[in-house]
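The structure under discussion appears below in the form of structure tokens.
There are 2 protein chains.
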Amino acid sequence: MTQLELAREGTVSKEMRLVAQEEGVDEEFVRQGVAAGTIVIPANKNHQIGRFCGVGKGLRIKVNANIGTSPDYGDMETELEKLRVAVEFKADTVMDLSTGGDLGAIRRAILRESPIPLGTVPIYQAGIEAIERREAIVKMTADDLFSVIEEQAEEGVDFMTVHCGVTRSAIERLRRQGRVTDVVSRGGAFLLGWMVHNEQENPLYEQYDRLLEIARRFDVTLSLGDGLRPGSLADATDRAQVEELLILGELVERAWEAGVQVMVEGPGHLPLDQVAANVQLEKSLCKGAPFYVLGPLVTDIAAGYDHICGAIGGAIAAVAGADFLCYVTPSEHLGLPNPDEVKEGVIASRIAAHAADIVKGVKGAWEWDQKMSQARKSLDWEEQVRLCLDPDKARRLHYQHETSGTACSMCGDYCAMELVARFLGTAPEKC
Amino acid sequence: MTQLELAREGTVSKEMRLVAQEEGVDEEFVRQGVAAGTIVIPANKNHQIGRFCGVGKGLRIKVNANIGTSPDYGDMETELEKLRVAVEFKADTVMDLSTGGDLGAIRRAILRESPIPLGTVPIYQAGIEAIERREAIVKMTADDLFSVIEEQAEEGVDFMTVHCGVTRSAIERLRRQGRVTDVVSRGGAFLLGWMVHNEQENPLYEQYDRLLEIARRFDVTLSLGDGLRPGSLADATDRAQVEELLILGELVERAWEAGVQVMVEGPGHLPLDQVAANVQLEKSLCKGAPFYVLGPLVTDIAAGYDHICGAIGGAIAAVAGADFLCYVTPSEHLGLPNPDEVKEGVIASRIAAHAADIVKGVKGAWEWDQKMSQARKSLDWEEQVRLCLDPDKARRLHYQHETSGTACSMCGDYCAMELVARFLGTAPEKC
Numbered sequence: 004m005t006q007l008e009l010a011r012e013g014t015v016s017k018e019m020r021l022v023a024q025e026e027g028v029d030e031e032f033v034r035q036g037v038a039a040g041t042i043v044i045p046a047n048k049n050h051q052i053g054r055f056c057g058v059g060k061g062l063r064i065k066v067n068a069n070i071g072t073s074p075d076y077g078d079m080e081t082e083l084e085k086l087r088v089a090v091e092f093k094a095d096t097v098m099d100l101s102t103g104g105d106l107g108a109i110r111r112a113i114l115r116e117s118p119i120p121l122g123t124v125p126i127y128q129a130g131i132e133a134i135e136r137r138e139a140i141v142k143m144t145a146d147d148l149f150s151v152i153e154e155q156a157e158e159g160v161d162f163m164t165v166h167c168g169v170t171r172s173a174i175e176r177l178r179r180q181g182r183v184t185d186v187v188s189r190g191g192a193f194l195l196g197w198m199v200h201n202e203q204e205n206p207l208y209e210q211y212d213r214l215l216e217i218a219r220r221f222d223v224t225l226s227l228g229d230g231l232r233p234g235s236l237a238d239a240t241d242r243a244q245v246e247e248l249l250i251l252g253e254l255v256e257r258a259w260e261a262g263v264q265v266m267v268e269g270p271g272h273l274p275l276d277q278v279a280a281n282v283q284l285e286k287s288l289c290k291g292a293p294f295y296v297l298g299p300l301v302t303d304i305a306a307g308y309d310h311i312c313g314a315i316g317g318a319i320a321a322v323a324g325a326d327f328l329c330y331v332t333p334s335e336h337l338g339l340p341n342p343d344e345v346k347e348g349v350i351a352s353r354i355a356a357h358a359a360d361i362v363k364g365v366k367g368a369w370e371w372d373q374k375m376s377q378a379r380k381s382l383d384w385e386e387q388v389r390l391c392l393d394p395d396k397a398r399r400l401h402y403q404h405e406t407s408g409t410a411c412s413m414c415g416d417y418c419a420m421e422l423v424a425r426f427l428g429t430a431p432e433k434c
Numbered sequence: 004m005t006q007l008e009l010a011r012e013g014t015v016s017k018e019m020r021l022v023a024q025e026e027g028v029d030e031e032f033v034r035q036g037v038a039a040g041t042i043v044i045p046a047n048k049n050h051q052i053g054r055f056c057g058v059g060k061g062l063r064i065k066v067n068a069n070i071g072t073s074p075d076y077g078d079m080e081t082e083l084e085k086l087r088v089a090v091e092f093k094a095d096t097v098m099d100l101s102t103g104g105d106l107g108a109i110r111r112a113i114l115r116e117s118p119i120p121l122g123t124v125p126i127y128q129a130g131i132e133a134i135e136r137r138e139a140i141v142k143m144t145a146d147d148l149f150s151v152i153e154e155q156a157e158e159g160v161d162f163m164t165v166h167c168g169v170t171r172s173a174i175e176r177l178r179r180q181g182r183v184t185d186v187v188s189r190g191g192a193f194l195l196g197w198m199v200h201n202e203q204e205n206p207l208y209e210q211y212d213r214l215l216e217i218a219r220r221f222d223v224t225l226s227l228g229d230g231l232r233p234g235s236l237a238d239a240t241d242r243a244q245v246e247e248l249l250i251l252g253e254l255v256e257r258a259w260e261a262g263v264q265v266m267v268e269g270p271g272h273l274p275l276d277q278v279a280a281n282v283q284l285e286k287s288l289c290k291g292a293p294f295y296v297l298g299p300l301v302t303d304i305a306a307g308y309d310h311i312c313g314a315i316g317g318a319i320a321a322v323a324g325a326d327f328l329c330y331v332t333p334s335e336h337l338g339l340p341n342p343d344e345v346k347e348g349v350i351a352s353r354i355a356a357h358a359a360d361i362v363k364g365v366k367g368a369w370e371w372d373q374k375m376s377q378a379r380k381s382l383d384w385e386e387q388v389r390l391c392l393d394p395d396k397a398r399r400l401h402y403q404h405e406t407s408g409t410a411c412s413m414c415g416d417y418c419a420m421e422l423v424a425r426f427l428g429t430a431p432e433k434c
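Chains as they are written, first to last, in the numbering used here: chain A, 4 to 434; chain B, 4 to 434.
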């Protein structure tokens, strides 16, 4: 049985119990959320997970880091290093988006090493194998695609992005819409090319029950991909995007009927004032299924610093109800990230997630800030460093300039904390 | 006459004309905003400014970079380098917050070199000179303080932070409030110490007319400082903060009566869902005077990455109506920034400002993103790099991994842009 089925019959599974412990919430709260579909616990029956992760309503906002090779860069060692970095800086999940090298070997190595849930986009492997074996993506068969999905599910992949909503009707809406950047989803582009060339419906849509059967067997959480997500502010919240979301909403209900855990993916590029509306739309059209957003990026012009741009959009989305933030790295729009950029991306998303956790009253979030502020007030630098997201960087920045007293080099002897403590007589021990 | 007085009598000054040109708005729009007090143009009569800057309603969101020495770090050369970096990455103004070395010499050098408006916090110099000459900040006299203000005004400082709202009544509210981090404003701490020790009212409040007379004479824009701003989320929007804002609102009106340009400073540390409320409160209590926010920081725990945290808060504040973002650097809470961190801070704030400009319909903002997206669609890398905030970094990230085709190393041959252009027949020339 899947987590969804267990929850429905009233069972609190080990996974639900561990998620509840980790979040500091009631087991019954988690069980009810999983049963209702507002919480998913990506946990393939064949994957040994060290740190389970619940995604959804009432839980801490989660962060995903994309890793994986491209045809131009990356190898197994580099990707395992990215995995290590992502885990160290507390990504909650990783996705292996490899498209270069031995895809199966890289994925299996990541699965073995990863203590956190792993996601994939099976159409990548299916498309690339079609190029290798049949000379073109468009020569891929539906069976090719489903056999890759089954292979990855059997190996233990915990969640899979499947672009089931890139249907012929959605592509037709896209054509009538007209866009600046058309389709920017790689998986969406693979499918669109296949469908247009073969004049056939998307096999992930047409044979959705087949997909559900595989997902149910291994308890793979489906992440319904937004192949038609906007790739520029100009294309945001347009008819093609919303058409696809309407379809995904229907597919969410079919997944629930089949006992399959499911979440929904969202943009992408959105003007800041459209972020909350996109979250509300998903929650409404998809009946509260967890929402997994990429960024969102609130401007198109921040390449080199898109992790910052994504943190702005991510924080706003999370406060509005998004549950799961896919990080964006400084390399976005420019190239494949290296391990340093993976780190930057994870930290930026974690700041966004935490800013939202505070507002949402997530257990422990406020207390963390309170502790930091108390350490700041008492000029306890070791405690401040310890409480940071990146203690090594905080230590380096603090100690890079010598100081004459107990304050930092920003103010030296003119530290407001010290002055005021003295004048108001509120001096903590260290002052 | 000040810009405010000129605008009121119906004159469009050279400064108003240049601001209007720069913004692509009507001269009369700028004049009316200056006359109404909703726009300020910091421009001391004695400062040769190369790039004028209008701050306020209907204009592009502006970004300030704080530079300046501390007793522990920085010297004239380093600060001039920070100025150069801030200007290169398009800060709209800089503030010299020096508290170490020869304060006058550093300020005058920055004034000479700076093509953009310069702000200061005169209480720093006054307090430090009191320590040097009279052995303690508390021995500073009101005349000492006003003579520093006059000296800096005469030299050409364009705007000055003056913590006029740290009154005895506000300190009393602070005592009754109780806080985690008491007072974190350095200028606020200097004044509070002086007031508590001497049992006297804040001279900047008590002799506000004297301040207005000096400001009017040189057309120094007053930036009414928030000495009691919250230094932690726990202290956000508390009674001490709001008491000070009530006082600042009254002082805004007195400045306008005296023909003096004025803006108001704001937090600081705020939970994300309090940011918009703080902007609305300022706009309401201060009758639409421009709002100049520090960050705001939406969590206390992001030291090392507070520029990202400040970008989140800044974007939300700007969309809500804040006009002017003071940057925060990665060194915030840890030490004085070096030039690299100044650059990081400016860019993060500019992303926040631009994300808001798009939403606010600022002229040219949307078009910039549109151009970038078109360059992206056509895989025109040189144009993409040119349109970035930091072309050198974008170029480095793009070219750090070799690519086999025209796409970037993220997707290589599987670039969605290329695939879709081919399949949909929308290929731009480069594809």
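Every residue, glycine too, gets a C-beta built ideally from N, C-alpha and C.
7 Å CB neighbourhood of A112 (chain A) in its chain, flanking five on each side removed | Looking up residue 112 (chain A) in the first sequence gives position 109. Only M79 and L83 meet the Cβ criterion.
Sort B:R178, B:I217, B:L215 and B:A237 by Cα distance to V199 (chain B) and report the nearest one.
-> Along the second sequence, read from residue 1 onward, the residue named residue 199 (chain B) stands at position 196. The closest CA to that of V199 (chain B), considering only B:R178, B:I217, B:L215 and B:A237, is found on B:R178.
Enumerated in chain order, which unbroken segments of the alpha helix (DSSP H) with a length of 4 residues or greater are wholly contained in the stretch 294 to 338 of chain A?
-> 309 to 323
Mind checking who A226 (chain B) pairs with in its DSSP beta bridge?
-> On the second sequence, position 223 is the one that residue 226 (chain B) refers to. Residue identity differs from the one stated: residue 226 (chain B) is Ser in this sequence, not Ala. S226 (chain B) pairs with B:T164 and B:M266.
Residue span of the beta strand (DSSP E) that contains M98 (chain B), given as start and end | Indexing the second sequence from 1 puts residue 98 (chain B) at position 95. Note, M98 (chain B): beta strand (DSSP E), T96 to D99.
Put K433 (chain A) into one of helix, strand or coil per three-state DSSP.
-> Here residue 433 (chain A) corresponds to residue number 430 of the first sequence, with the count starting at 1. Residue placement at K433 (chain A) is poorly supported in this model, since its pLDDT is 38, which falls under 50; the coordinates still yield a value, given next. DSSP, reduced to helix, strand and coil, places K433 (chain A) outside both helices and strands of the structure shown, so it counts as coil.
Minimum length 4: unbroken alpha helix (DSSP H) runs contained in the stretch 123 to 198 of chain A = Residue ranges of uninterrupted alpha helix (DSSP H) with 4 or more members, entirely inside the stretch 123 to 198 of chain A and ordered along the chain, are 125 to 137, 145 to 158 and 171 to 180.
Counting along the chain, where does the alpha helix (DSSP H) carrying K286 (chain A) start and finish?
-> To locate residue 286 (chain A), count along the first sequence from 1; it is residue 283. Taken as a continuous stretch (DSSP letters only), the alpha helix (DSSP H) holding K286 (chain A) covers V278 to L288.
Quick one: using the 10 Å Cβ neighbour count with 16 as the cut-off for buried, is D222 (chain B) buried or exposed?
-> In the second sequence, residue 222 (chain B) corresponds to position 219, counting from 1. D222 (chain B) is classed as buried because its beta carbon has at least 16 other beta carbons within 10 Å across all chains shown.
Rank B:L100, B:G36, B:D146 and B:I70 by C-alpha distance to the C-alpha of G61 (chain B) and give the top, closest one.
-> Working through the second sequence from its first residue, we reach residue 61 (chain B) at position 58. Ranking B:L100, B:G36, B:D146 and B:I70 by Cα distance to G61 (chain B) puts B:G36 first.
Assuming T5 (chain B) and G168 (chain B) form a contact by the criterion Cβ under 8 Å, report the distance between their Cβ atoms to the nearest whole angstrom.
-> In the second sequence, the residue the question calls residue 5 (chain B) occupies position 2. In the second sequence, the residue the question calls residue 168 (chain B) occupies position 165. Rounded, the Cβ-Cβ distance is 22 Å, inconsistent with contact.
Taking only beta-carbon atoms, is K93 (chain B) less than 8 Å away from chain A?
-> As a working note, residue 93 (chain B) is residue 90 in the second sequence. For K93 (chain B), not one C-beta of chain A is nearer than 8 Å to its own C-beta.
Is T14 (chain B) buried or exposed, if buried means 16 or more other CB atoms sit within 10 Å of its CB?
-> Along the second sequence, read from residue 1 onward, the residue named residue 14 (chain B) stands at position 11. Exposed, since its Cβ has fewer than 16 Cβ neighbours within 10 Å.
Under three-state DSSP, which class holds L7 (chain A)?
-> The count along the first sequence starts at 1 and reaches residue 7 (chain A) at position 4. Three-state result, L7 (chain A): helix.
Under the three-state DSSP convention, the category V15 (chain A) falls into = What you label residue 15 (chain A) is simply residue 12 of the first sequence in a count that begins at 1. V15 (chain A): coil per DSSP, three-state reduction.
Segments assigned alpha helix (DSSP H), at least 4 residues, entirely inside the stretch 400 to 434 of chain A | 419 to 427
CA-CA distance, V265 (chain A) and D309 (chain B)?
-> Position 262 of the first sequence, counted from the first residue, corresponds to residue 265 (chain A). Position 306 of the second sequence, counted from the first residue, corresponds to residue 309 (chain B). Each residue's Cα considered, the two are about 35 Å apart.
Could you work out which residues of chain B lie near H200 (chain A), taking near to mean beta carbons separated by less than 8 Å?
-> Walking along the first sequence from the start, residue 200 (chain A) turns up at place 197. Chain B residues near H200 (chain A): F426.
What's the call for S287 (chain A), buried or exposed, on a 16-neighbour Cβ count within 10 Å?
-> On the first sequence, position 284 is the one that residue 287 (chain A) refers to. Around the C-beta of S287 (chain A), fewer than 16 other C-beta atoms lie within 10 Å, and the residue is accordingly described as exposed.
Closer than 8 Å, CB to CB, is Q387 (chain B) near chain A or not?
-> As a first step, residue 387 (chain B) must be located in the second sequence, where it is residue number 384. Chain A, which has a Cβ nearer than 8 Å to the Cβ of Q387 (chain B), makes this yes.
On the three-state DSSP scale, how would you describe L215 (chain A)?
-> Within the first sequence, the letter at position 212 stands for residue 215 (chain A). Correct three-state label for L215 (chain A): helix.
For D75 (chain B), go through chain A and note every residue whose CB falls closer than 9 Å to its CB, in chain order.
-> Counted from its first residue, the second sequence places residue 75 (chain B) at position 72. In chain order: H404, E405, T406, S407, G408, A410, C411, S412, M413, C414, G415 and D416.
Assuming R219 (chain A) and C414 (chain B) make a contact with CB atoms under 8 Å, what is their CB distance in whole Å?
-> Counting from one through the first sequence, the residue named residue 219 (chain A) turns up at place 216. Counting from one through the second sequence, the residue named residue 414 (chain B) turns up at place 411. That belief does not hold up - the Cβ atoms of R219 (chain A) and C414 (chain B) are roughly 32 Å apart, past 8 Å.
Neighbour-count burial assignment, A108 (chain B), 16 or more Cβ in a 10 Å radius = In the second sequence, counting from the first residue as 1, residue 108 (chain B) sits at position 105. Result: exposed.
Simplified DSSP assignment, three categories, for K93 (chain A) = Numbered from its first residue, the first sequence carries residue 93 (chain A) at position 90. Reduced to three states, the DSSP call for K93 (chain A) is coil.
Whose C-beta lies closer than 6 Å to the C-beta of C434 (chain A) among residues of the same chain, with five residues either side of it excluded?
-> For the purposes of this step, residue 434 (chain A) is taken as the residue at position 431 of the first sequence. With a pLDDT of only 33 at C434 (chain A), under 50, the local geometry of the prediction cannot be trusted, and no value is derived from it.
Apply the 10 Å Cβ neighbour rule to Q387 (chain A) and answer buried if 16 or more other Cβ atoms are within range, or exposed otherwise.
-> One-based indexing of the first sequence puts residue 387 (chain A) at position 384. Burial is judged here by how many other beta carbons sit within 10 angstroms of a residue's own beta carbon; Q387 (chain A) has at least 16 and is buried.
Selection from B:D229, B:L9, B:V296 and B:L86 that minimises the alpha carbon distance to F193 (chain B) | Within the second sequence, residue 193 (chain B) is the residue found at index 190, counting from 1. Comparing Cα positions, the closest option is B:D229.
With a 10 Å radius around its C-beta and 16 neighbouring C-beta atoms as the bar for buried, classify K85 (chain B) as buried or exposed.
-> As a working mapping, residue 85 (chain B) is identified with position 82 in the second sequence. Classification for K85 (chain B): buried.
Selection of the stretch 45 to 71 of chain A by Cβ proximity to chain B, strictly under 7 Å | none
When burial is assigned at 16 or more other CB atoms within 10 Å of the CB, is S117 (chain B) buried or exposed?
-> Numbered from its first residue, the second sequence carries residue 117 (chain B) at position 114. Buried is the call here.
If you measure from the beta carbon of P274 (chain B) to each beta carbon in chain A, is any gap under 8 Å?
-> Here residue 274 (chain B) refers to the residue found at position 271 when the second sequence is read from its first residue. Closer than 8 Å: yes.
Proximity winner among A:G316, A:V151, A:I174 and A:N67, relative to A133 (chain A) (alpha-carbon distances) | The count along the first sequence starts at 1 and reaches residue 133 (chain A) at position 130. Out of A:G316, A:V151, A:I174 and A:N67, A:V151 has the C-alpha closest to the C-alpha of A133 (chain A).
With distances taken Cα to Cα, identify the nearest neighbour of I250 (chain B) among B:L236, B:L284 and B:A279.
-> Stepping through the second sequence from its first residue, residue 250 (chain B) is reached at position 247. Nearest C-alpha to I250 (chain B): B:L284.
Between E247 (chain B) and L9 (chain B), what straight-line distance do the alpha-carbon atoms span, to the nearest angstrom?
-> Taking the first residue of the second sequence as position 1, residue 247 (chain B) is located at position 244. Taking the first residue of the second sequence as position 1, residue 9 (chain B) is located at position 6. Approximately 30 Å, taken between the alpha carbons.
Answer with yes or no whether the minimum CB distance from M143 (chain B) to chain A is below 8 Å.
-> Mapped onto the second sequence, residue 143 (chain B) falls at position 140. Closer than 8 Å: no.
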